[in-house]
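Novice:
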Amino acid sequence: MAARRTWSVDSKRGAPLPRSAVPRVAGASDAMLADFTPVALIGSGAFASVGLVTHKHSEEVYVLKKMDRAHLAEEGVTAQVVTERLLLAAMHHPCIVRLVGTFKSPRQLYMMLEPCMGGELCERTRRALQSLHATKRAS
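So for the sequence shown, this note's numbering puts the first residue at 123; every next one is plus one.
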């Protein structure tokens with residue numbers, strides 16, 4: 123079964139989300155997961171794996187966050203994931219990753235995000251603080 127493009131229900135009201143609330147994928151107005159080529163796995167955690175993908179036609183690079191629906195339900199975090207999706211769709215700020223689009227299949231949920239190359243913010247902050255402390259000790 124082909125993955126659908128959006129999550130169809132707003133968890134707060136139980137009503138379908140309007141199409142205008144769902145971000146579009148650049149280069150394809152009705153993009154499907156099959157339109158993307160995996161490049162690399164860039165991370166994984168308790169609830170998701172994250173990979174770098176390219177759009178086959180536009181060659182745009184994106185990050186695809188893949189979550190197992192059954193695992194989310196077992197852990198009781200489905201509502202938090204839906205909230206994350208709604209918040210990311212509403213946010214438009216240069217310091218917040220942009221949600222490009224969402225997909226779902228019978229077993230998986232997907233979030234297509236803009237790539238933020240350069241590593242995790244937490245790790246970069248830790249290195250900067252270590253460097254700052256080393257400079258203070260040296261002076």
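No residue lacks a Cβ here, since even glycine has one placed at the ideal position from N, Cα and C.
Cβ atoms of GLN230 and ASP190: under 8 Å apart, would you say?
Specialist: On the sequence shown, residue 190 is found 68 positions in, with the first residue counted as 1. On the sequence shown, residue 230 is found 108 positions in, with the first residue counted as 1. Yes.
Novice: Using only CA atoms, which one of GLY173, THR159, PHE169, GLY167 lies nearest to HIS179?
Specialist: As a first step, residue 179 must be located in the sequence shown, where it is residue number 57. For the residues GLY173, THR159, PHE169, GLY167, the minimum Cα distance to HIS179 belongs to THR159.
Novice: DSSP three-state call for SER166: helix, strand or coil?
Specialist: Along the sequence shown, read from residue 1 onward, the residue named residue 166 stands at position 44. Correct three-state label for SER166: strand.
Novice: State the start and end residues of the unbroken beta strand (DSSP E) segment that holds LYS188.
Specialist: Position 66 of the sequence shown, counting from 1, holds the residue named residue 188. LYS188 -> beta strand (DSSP E) spans 183-190.
Novice: Output the boundary residues of the beta strand (DSSP E) element that contains HIS177.
Specialist: Stepping through the sequence shown from its first residue, residue 177 is reached at position 55. Segment 171-177, the beta strand (DSSP E) holding HIS177.
Novice: So which of SER166, SER227, LYS187, ALA170 has the shortest CA-CA distance to PRO237?
Specialist: Numbered from its first residue, the sequence shown carries residue 237 at position 115. Considering only alpha carbons, the answer is LYS187.
Novice: Using 8 Å as the threshold, is the segment 170-185 in touch with the segment 233-249, meaning 3 or more CB pairs across them?
Specialist: yes
Novice: Where DSSP assigns a beta bridge to LEU221, which residues make up the other side?
Specialist: Your numbering for residue 221 matches position 99 in the sequence shown. The partner list for LEU221 (beta bridge, DSSP) reads LEU235.
Novice: Going by the CB atoms, is the gap between LEU194 and VAL203 shorter than 8 Å?
Specialist: Numbered from 1 along the sequence shown, position 81 holds the residue referred to as residue 203. Numbered from 1 along the sequence shown, position 72 holds the residue referred to as residue 194. For VAL203 and LEU194, yes; Cβs fall inside 8 Å.
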